[in-house]
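Q:
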Amino acid sequence: MKRLVSTAIALLLLLSLPATAQTVGTWERISVRTLFPLWDVTFVDSLHGYIVGDFGAILKSTDGGFTWKQKLTADQYALRNVHFFNDSTGIAAGFRGSVVRTTDRGESWHALPVQLDLNFPGMSVVGSTVWLCGEEGIVLKSTDMGDTWKTIKTGTDFMLGSISFADERHGWMATMQRKLWRSVDGGESWQEQKLDTFLPVTTLAARSAQECWLAGFQGLIMHTTDAGKTWQQHTSYQSDYSMIQFDSTGTGWAVGRRGAIVRGRDANLVWKLHDVPDTKSVNAITFLPNGAAVAVGDQGAIFRLRSIGAGELPPSPDAKDNNEEEAP
């Protein structure tokens, strides 16, 4: 009975919004027939993209993000991350041990044998290797695109919220309890690193064996260029960030609460507000090979930016460019 009620609610949400588009600042909002929170987005090329969210929602676009078709996974557990290894094979993972894979460009998705009823909010992929991190300090690792999995106990009981590998050996992992670890052997073992901040860390972006960026609450953005021996904190717009990412030019972007989309300037030394699309939170951003960008967030929010070109960067509004958080 509970599953029937859940499915009925999901179907009602799917049909609740018309598919229309409107311009919001420099971003075009692409409306879809859902109110689900959307958590991650990726594009295989300039046309084919995928989004995942709550209730096992998986959305697919074949026209560069202008229109989307949606389906739900069988178990309908929340999906937090999605990645494609090639044109046809992709993987998505999230809560209650839900890990699914497609081999036909997202037309069908099948559960993978994780066999752990735990939440895994963090995922990183390099080549055919996948790392998931989550509850009870557990990291799951697959070297064959999810066919088989190895359980790694990291020695902590904290919820591991974010993970990022720069290559098959060097990666970082963090918790919202201000704990940070680094691995130099592909995640087989982890060494805790000192992190001088009182703010929760929510997202990581490892750029090389020596360089890693992190972001978190209240505008926290830091990076290291010496493998974590020292960290430099940067001036940024005051938002609780959910993702930090870098485009093809090396420019940094961060997204977060109150619809904040923030962009690095001056070689990413200063991070200022780029735009505020109309949504409570922007949860993820990705960049297409043709120079466009797509961001997703709460209540089925999907936004598309035509170009990330520096010439199209609008000046920050005076009222929002002083790094002060707006009142709720």
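Using our numbering, the first residue of the sequence shown is number 6, and each one after it goes up by one.
Even glycine gets a Cβ: it sits at the ideal position worked out from N, Cα and C.
Given this structure, state the Cα-to-Cα distance separating I313 from G296, to the nearest angstrom.
A: 6 Å
Q: With a CB to CB cut of under 7 Å and the five nearest residues on each side skipped, what residues in its chain are close to T235?
A: T229
Q: How is F251 classed by DSSP in three states: helix, strand or coil?
A: strand
Q: Given D152, which residues of its chain have a CB within under 8 Å of its CB, disregarding the five upstream and five downstream residues?
A: L117
Q: So, for F41: in the same chain, excluding its five sequence neighbours on each side, which residues have a beta-carbon less than 7 Å away from its beta-carbon?
A: L18, G58, D59, F60, A62 and G305
Q: Three or more beta-carbon pairs under 8 Å between the region 106–115 and the region 136–147, yes or no?
A: No, because fewer than three Cβ pairs between the region 106–115 and the region 136–147 fall closer than 8 Å, the two stretches do not touch.
Q: Spatial neighbours of E216 within its chain, please: C-beta separation below 6 Å, excluding the five flanking residues on both sides.
A: Within the same chain, E216 has close Cβ partners T230.
Q: By a C-beta neighbour count over all protein chains shown, 10 Å radius and 16 as the cutoff for buried, is S194 buried or exposed?
A: exposed
Q: With 16 as the cutoff for other CB atoms within 10 Å, does Q27 come out buried or exposed?
A: Confidence is the limiting factor: at Q27 the pLDDT is only 38, short of 50, which leaves the residue's position unreliable and the question unanswerable from this model.
Q: Could you tell me which of W44, V37 and F48 sits nearest to P294, measuring between CA atoms?
A: F48
Q: Label A210 either buried or exposed according to how many other C-beta atoms from any shown protein chain fall within 10 Å of its C-beta, with 16 as the threshold for buried.
A: buried
Q: Assign F308 to one of three DSSP states: helix, strand, or coil.
A: Strand at F308.
Q: Quick check on G160: does DSSP put it in helix, strand or coil?
A: coil
Q: Is Q81 helix, strand or coil when you go by DSSP?
A: coil
Q: Is the beta carbon of G166 less than 7 Å from the beta carbon of G127?
A: Yes. Within cutoff.
Q: Nearest by alpha-carbon distance to D122: which of H239, T156 and S133 is it?
A: T156
Q: Could you say which of F308, M248, Y55 and D80 lies nearest to N91 if we only look at CA atoms?
A: Y55
Q: Looking only at its chain, what residues have a beta carbon closer than 6 Å to the beta carbon of T161, apart from the 5 residues adjacent to it on each side?
A: The residues are G142.
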